[in-house]
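Here the structure is laid out as structure tokens; the discussion comes afterwards.
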Amino acid sequence: MEKRTIERYSKAGIAFHWVFSFVVLILVLTGTSMFVPGRGPEGGYATGIIHRICAALFLAIPLLYSLLSPGRAAAFLKETFHWGKDDLRWFRKAPDYYFGGSGENMPPQDRLNTGQKMWQMVLTLTAVLFLVTGVIMWLFKSAIAVNIYQWLLFFHGAAFIVFLFMLLAHIYMSGLHPRMRGVFYSMIDGKIPASYAREHHGKWYERIKEESREHKET
Amino acid sequence: MRRGLIIVAALLIIVIVGVTLALSSTVKDKTLTAEELGGIDQACIDCHEDDLTGGSIHGVHVEVACFSCHDSSHTVHASADCQDCHAGTAGLKTADRAYDTLKWVGIGGAGLVILILALNLVVSRRRLGKREE
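Chains A and B, in that order, are what the protein sequence lines are. Residue numbers for the first sequence follow the numbering used here, so the first one is 1 and each next one is one higher. Residue numbers for the second sequence follow the numbering used here, so the first one is 1001 and each next one is one higher.
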């Protein structure tokens, strides 16, 4: 593997990712355990409390990050919801490519590839749904009809299922897929191999190469 | 492009909700007698209580419920009877059925995703290995 590396994530971004991941992991575990019938009252009560504490952090951490780094938060949303023709082409070519096929016809990608955009979009949209349904169920439970509560629970669960599918794919792609070797460590030291950037994020690689050249010239 | 994505997202939601609701309507209703309806909470507890042994009454499987998990003095449970939330006693409660079915949609779907990812790992390793050779 090529030794030359490119900086991809800031230290603040890495810290945010792991703290947020830890909170999400606890939310997933406590949320899933609530599905299990016959759990004891103490265990159920503690699970509920931990789930609520982590839900508050789930809201607070991105808010805090957005206040401290409004530019990065805006860039996150812009990157996530900005889609083009290359994204459509990626959808057509990705199944063969990620099943070990040739990468020759893969459309060049920006800093985020289409799969990463899709993950961030699902994360953002389900987070909004989690928060809206979760806050009503938590704080306004006494004020709403039982039937409404049940539908909120249903949509909270439906959002969780979509989120879980994408989370499994995200963990697999970033840690296990043979084409993504080395990318996991970028969430530790913030750097990715230049060869990886060239192959997976061609547009972004060319842009930073150009910027670096211009910087040197000036 | 954006419109296409919105359509895909909407279709995904419609499929999940639709499958869940369709499956939920296949769950059989259980109708209680007038006497049982009179003392419905107790009737529910009689059959579904935590210390039920064997999980069946007269050969019929009975789901064991955690009544102690439903703190009757706490928020939404304070004013609710069992049948306010749960299906099978006073007619169809779509939300209850749907949520119950949703769990199995989730478990089955997660299993399917893991299977696809495992298949992907095996196939992509093999194909990439051959290419390197």
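We put the beta carbon where it would ideally sit given N, CA and C, even for glycine.
Show which residues of chain B have a CB atom less than 9 angstroms away from the CB atom of residue i.
| i | result |
| --- | --- |
| A/L164 | G1106, G1109, A1110, V1113 |
| A/L168 | A1110, V1113, I1114, L1117 |
Would you say residue i lies against chain A (beta-carbon separation less than 9 angstroms)?
| i | result |
| --- | --- |
| B/I1014 | no |
| B/A1009 | yes |
| B/R1131 | yes |
| B/C1044 | no |
Below 8 angstroms CB to CB, which residues in the same chain sit around residue i once its five sequence neighbours on both sides are set aside?
| i | result |
| --- | --- |
| B/K1130 | none |
| A/E79 | D110, R111, L112, K117, Q120 |
| A/L77 | T124 |
| A/V135 | none |
| A/V23 | C54, L57, F58, I61 |
Who are the near neighbours of residue i in its chain, counting only those whose CB is closer than 7 angstroms to its CB and skipping five residues on each side?
| i | result |
| --- | --- |
| A/K203 | P108, Q109, D110 |
| A/L152 | T133, I136, M137 |
What does a CB cutoff of less than 6 angstroms around residue i pick up in its chain, not counting 5 residues either side in sequence?
| i | result |
| --- | --- |
| A/M106 | K93, Y97 |
| A/D86 | P107 |
| B/I1007 | none |
| A/A197 | I6, Y205 |
| A/R72 | none |
For residue i, which three-state DSSP category applies?
| i | result |
| --- | --- |
| A/P178 | helix |
| A/T5 | strand |
| A/P95 | helix |
| A/P70 | helix |
| B/G1091 | Since pLDDT at B/G1091 reaches only 44, below the 50 mark, its modelled position is unreliable, and the value read off the structure follows with that caveat. Coil, per DSSP. |
| A/I61 | helix |
| A/I188 | helix |
| A/Q109 | coil |
| A/W83 | coil |
| A/F155 | helix |
| A/A127 | helix |
| A/F140 | coil |
| A/T114 | helix |
| A/E104 | coil |
| A/A55 | helix |
| B/E1133 | coil |
| A/S10 | coil |
| A/H201 | coil |
| A/A145 | coil |
Are the C-beta of residue i and some C-beta of chain B separated by less than 9 angstroms?
| i | result |
| --- | --- |
| A/P232 | Nothing about residue 232 of chain A can be reported from this structure: the residues present for chain A run from 1 to 218 only. |
| A/I161 | yes |
| A/Q109 | no |
| A/L153 | yes |
| A/Y65 | no |
| A/L125 | yes |
| A/Y172 | yes |
Quick one: which chain D residues come within Cβ less than 8 angstroms of residue i?
| i | result |
| --- | --- |
| A/G101 | The question asks about chain D, but that chain is absent: this structure's protein chains are A and B. |
Which residues in chain B have a C-beta closer than 7 angstroms to the C-beta of residue i? List them in chain order.
| i | result |
| --- | --- |
| A/A55 | By Cβ distance, chain B contributes nothing, its closest Cβ being about 16 angstroms from A/A55, past 7 angstroms. |
| A/Y98 | N1120, S1124 |
For residue i, return the contacting residues in chain B, with the cut-off set at a CB-CB distance below 8 angstroms.
| i | result |
| --- | --- |
| A/G157 | Y1099, L1102, K1103, G1106 |
Could you tell me which residues DSSP pairs with residue i in its beta bridges?
| i | result |
| --- | --- |
| A/P193 | A/T5 |
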